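These notes concern the structure reproduced below.
Number of protein chains: 2
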Amino acid sequence: MKCVANDDLRVNPSILRSFCSEALKRLDMPAEDALLTAKVLVEADLRGIDSHGVARLSRYVSGIQQGMMRPNAIPRVVHETACTATIDADAGLGQPVSFMAMQLAMNKAREHSLGFVAVRNSNHFGIAGFYAMMALAEDMIGICTTNTEVLVVPTFARNALLGTNPLAIAVPAGKERPYVLDMSTSTVTRGKLEVYARLEKPTPLNWATDEKGVATDNPSHVLQNIIKRSGGGLLPLGGALEESGGHKGYGLALAVEIFSAVLPGALYANRVYPKDKDGKPLPSGIGHFFGALRVDAFRSKEDFKRDMDDLIQRLINTPKALGAERIYIPGEKEFEQAEQFAKEGVPLNDKVAKDLRAIAEQLGMHRPF
Amino acid sequence: MKCVANDDLRVNPSILRSFCSEALKRLDMPAEDALLTAKVLVEADLRGIDSHGVARLSRYVSGIQQGMMRPNAIPRVVHETACTATIDADAGLGQPVSFMAMQLAMNKAREHSLGFVAVRNSNHFGIAGFYAMMALAEDMIGICTTNTEVLVVPTFARNALLGTNPLAIAVPAGKERPYVLDMSTSTVTRGKLEVYARLEKPTPLNWATDEKGVATDNPSHVLQNIIKRSGGGLLPLGGALEESGGHKGYGLALAVEIFSAVLPGALYANRVYPKDKDGKPLPSGIGHFFGALRVDAFRSKEDFKRDMDDLIQRLINTPKALGAERIYIPGEKEFEQAEQFAKEGVPLNDKVAKDLRAIAEQLGMHRPF
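So the protein lines, in turn, are chains A and B.
The opening residue of the first sequence carries number 1 in my numbering; numbering runs sequentially from there.
The opening residue of the second sequence carries number 1001 in my numbering; numbering runs sequentially from there.
Dropping the structure here:
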């Protein structure tokens, strides 16, 4: 569960959606794309992944104003087979092209059992889980990956060279909630480091390395290094050492980089987020990967869902470790969080509320809250 | 690199292959299946993954003799679409059906860009990487997963309920060696725990839990608990805590369980490796999953390989962490190990050599070495 401060503002999700959508429309984004982008952002807040929620809007606004993200991009399919496609996103925001790509993957899967679509020349797309979960309504398994800005240090390297590279997988169940994995392939993301830095709390040693590539528990120092690009960064899942499986997290991050960026011909590793000769940001050039698999291409979907339910029940009903209260299925916490925030409103901290008010003022909108 | 003792016997890999193949033939396995199974076993030894090499032969021999593995099984396709299939392995050894399944996935990918095949009612198949790597020769990306005997404790659980559930991904490159990830989704496998137990060395705390579900550094105690089924077991990649990402490793292990077992209708979680009412082992009932993706279904394979080479070179040439000598690409260590052992012979420790000699005697074969 997300840590919510008592004095956090609570905002009705539909008001947040309208606000984000209106702001993007005022920046020349077509209405349908603006609404979709707003929906993906607010879904992140609802699910408790606030680093990828409306807090991102100010970066999208400046990205559009700086010419890094094209609000009226026209993505097009540049390579296609019956089961696959590659889409050039035309340097637009990541959400509209990702929705289109996942729909295309599902169309292909509907007809041919499997559909895989890769996207290049894109930008930040919000939460990977949103697109993977689109498959659930049609009894398909959904897969989604993306490469990201460079923050993660490969095993035995000194500098970051890969992104936090999330991987999302959504699998339908019967009576139980679906399985929805949506994880970065690093131990933690930058946001977690920022929380510890604010609290002046040392981090576990498997989170990050310093400028020499040595594991450190000092989050402020790591964040300064990231900003100054002076070396070090986040560690892959498993930490710095092979002994604790860090090479596996690095291997997974690299797999995500290959599927999301090398396969569609996007920018990869430290080629992402380029700048022009005056230091002005160019389109990020990142890529995404989407997959849809019809469950009934392998066995009857009724049998599949019955076994999913049974597997889930075996897991949640197994005896708990000493001191543990509950065993979760991936996605379960986020579904419960979303139900709670849909009722109580999405919490916005002071900084985000202030950012959104500044956007309203800048774009001549009514002050939202 | 594998740790090789000075007094380890060194055996030519082709002699090992002939030996394993001959033993399996004497147990009624058709010649072609026996040779393939032997090839997969010796490939594991060559790549330094000796826990999955010829050391397994004695378990296969007893598995066949106990009726748990059918040497002359006839796998058949029970569900099929243009791009997908489900195969019932007829309780045979895992290797022949897995080779057949990966070939079928590749045939489908050749024609339709993608091919995914799931297998049920199977047994141990050796190393997942063997099948994923089959795709490389045809410029496809290969994927392979399997569920396994239950050894891994879900996050916050007291008892093991999932397997070490390996995931293998093989991606072709140009001038560089291919990327070959072949990893269990646990921090370590049981074999590593056994090595530490023999050396009476405490393990890191993210390897295993005791019978209360609490992280422990005592490998002998964990192994005793595993044998007595008294609780605890191996930890998922990331360890026991969410703080160190253990829930991500658990989520990945569960994904592998779903693809390998729920999708084909195999046994899953603690249903695997059942016994009859007298305690006699029945077929393990585990399942596997195989995928093949044509690279040129997304972009030209020449462009793809050029970018793979560039990505690999960026990684291996980046500055090293303090004290580190080299940055590896997944699979690189194993390729180098295989080249070395092909020249010098595969090292067999005393116990394995003794086991193989016992098999030779039991089956009336010439003493091999």
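Quick reminder that beta carbons are idealized off the backbone N, C-alpha and C, glycines included.
Computed from a predicted structure; not experimentally measured.
{"Query": "Residues sharing a beta bridge with residue 221 of chain A, DSSP", "Result": "Residue 221 of chain A is not bridged to any residue."}
{"Query": "Euclidean distance between Cα positions of residue 232 of chain A and residue 188 of chain A", "Result": "14 Å"}
{"Query": "Neighbourhood of residue 1253 of chain B by C-beta, 6 Å cutoff - its chain only, sequence neighbours within 5 removed", "Result": "1152, 1162, 1165, 1185, 1236"}
{"Query": "Start-to-end residues for the beta strand (DSSP E) that takes in residue 1347 of chain B", "Result": "1346 to 1348"}
{"Query": "Residue nearest to residue 1297 of chain B in terms of C-alpha spacing, selected from B:1112, B:1081, B:1018", "Result": "B:1112"}
{"Query": "C-alpha gap between residue 1037 of chain B and residue 1280 of chain B, whole angstroms", "Result": "25 Å"}
{"Query": "Same chain, Cβ closer than 7 Å to residue 264 of chain A, five either side skipped, listed in chain order", "Result": "86, 118, 119, 120, 287"}
{"Query": "Cβ of residue 1370 of chain B within 8 Å of any chain A Cβ", "Result": "Coverage of chain B is limited to positions 1001 through 1369, which leaves residue 1370 of chain B absent and any answer about it impossible."}
{"Query": "Interface partners of residue 1204 of chain B on chain A, CB under 7 Å", "Result": "243, 244"}
{"Query": "Residues within the segment 1166 to 1178 of chain B neighbouring chain A, beta-carbon criterion of under 8 Å", "Result": "1169, 1171"}
{"Query": "Min CB distance residue 1040 of chain B to chain A below 8 Å", "Result": "no"}
{"Query": "Of the residues A:45, A:310, A:28, the one placed nearest residue 335 of chain A, counting alpha carbons only", "Result": "A:45"}
{"Query": "Short CB-CB distance (under 8 Å) between residue 1089 of chain B and chain A", "Result": "no"}
{"Query": "For residue 116 of chain A and residue 84 of chain A, believed in contact at Cβ under 8 Å, the rounded distance", "Result": "5 Å"}
{"Query": "Selection of the segment 1090 to 1121 of chain B by Cβ proximity to chain A, strictly under 7 Å", "Result": "1112, 1113, 1114, 1116, 1118"}
{"Query": "Within-8 Å CB hit, residue 320 of chain A to chain B", "Result": "yes"}
{"Query": "Cβ pair count under 8 Å reaching 3, the segment 1195 to 1206 of chain B against the segment 1125 to 1135 of chain B", "Result": "no"}
{"Query": "Three or more C-beta pairs below 8 Å linking the segment 54 to 68 of chain A and the segment 345 to 364 of chain A", "Result": "yes"}
{"Query": "Cβ contact (3+ pairs, closer than 8 Å) linking the segment 341 to 349 of chain A and the segment 7 to 24 of chain A", "Result": "yes"}
{"Query": "Residue range of the unbroken alpha helix (DSSP H) whose run includes residue 1325 of chain B", "Result": "Per DSSP, residue 1325 of chain B belongs to no alpha helix (DSSP H) and is neither H nor E."}
{"Query": "Closest by C-alpha distance to residue 1025 of chain B, when choosing among B:1043, B:1093, B:1308, B:1133", "Result": "B:1093"}
{"Query": "Candidates B:1139, B:1064, B:1366: closest to residue 1282 of chain B by CA position", "Result": "B:1064"}
{"Query": "Straight-line gap, residue 366 of chain A to residue 209 of chain A (C-alpha atoms, nearest Å)", "Result": "44 Å"}
{"Query": "Environment of residue 1358 of chain B [buried if 16+ CB atoms lie within 10 Å]", "Result": "exposed"}
{"Query": "Within chain B, the residues that residue 20 of chain A reaches when beta carbons sit closer than 9 Å", "Result": "Per Cβ cutoff of 9 Å: no residues; residue 20 of chain A is ~29 Å from chain B at best."}
{"Query": "Inside the segment 1205 to 1253 of chain B only - beta strand (DSSP E) runs reaching at least 3 residues", "Result": "none"}
{"Query": "Residues of the segment 243 to 264 of chain A whose Cβ lies closer than 9 Å to any Cβ of chain B, in chain order", "Result": "243, 244, 245, 247, 248, 249, 250, 251, 252, 254, 255, 257, 258, 259, 261, 262, 263, 264"}
{"Query": "Integer-rounded CB distance, given that residue 1322 of chain B should sit under 8 Å from residue 214 of chain A", "Result": "5 Å"}
{"Query": "Beta-carbon neighbours of residue 995 of chain B, restricted to chain A and to distances below 9 Å", "Result": "Shown here, chain B extends from 1001 to 1369; a query on residue 995 of chain B therefore has no answer."}
{"Query": "Rounded straight-line distance, which links the Cα of residue 312 of chain A to that of residue 1250 of chain B", "Result": "13 Å"}
{"Query": "Residue from A:39, A:40, A:140, A:200 whose Cα sits closest to the Cα of residue 107 of chain A", "Result": "A:140"}
{"Query": "Option in A:79, A:96, A:50 with minimal Cα separation from residue 29 of chain A", "Result": "A:96"}
{"Query": "Under 8 Å from the C-beta of residue 154 of chain A: neighbouring residues of chain B", "Result": "1315, 1318, 1327"}
{"Query": "Closest residue to residue 372 of chain A among B:1255, B:1328, B:1212, B:1261 (Cα-Cα distance)", "Result": "Chain A is shown only over 1 to 369; residue 372 of chain A falls outside these bounds and no answer can be derived."}
{"Query": "Where the beta strand (DSSP E) containing residue 20 of chain A begins and where it ends", "Result": "Unbroken run through residue 20 of chain A is the alpha helix (DSSP H), 13 to 26; no beta strand (DSSP E)."}
{"Query": "Length-filtered (3 minimum) beta strand (DSSP E) runs lying within the segment 1286 to 1325 of chain B", "Result": "1286 to 1294"}
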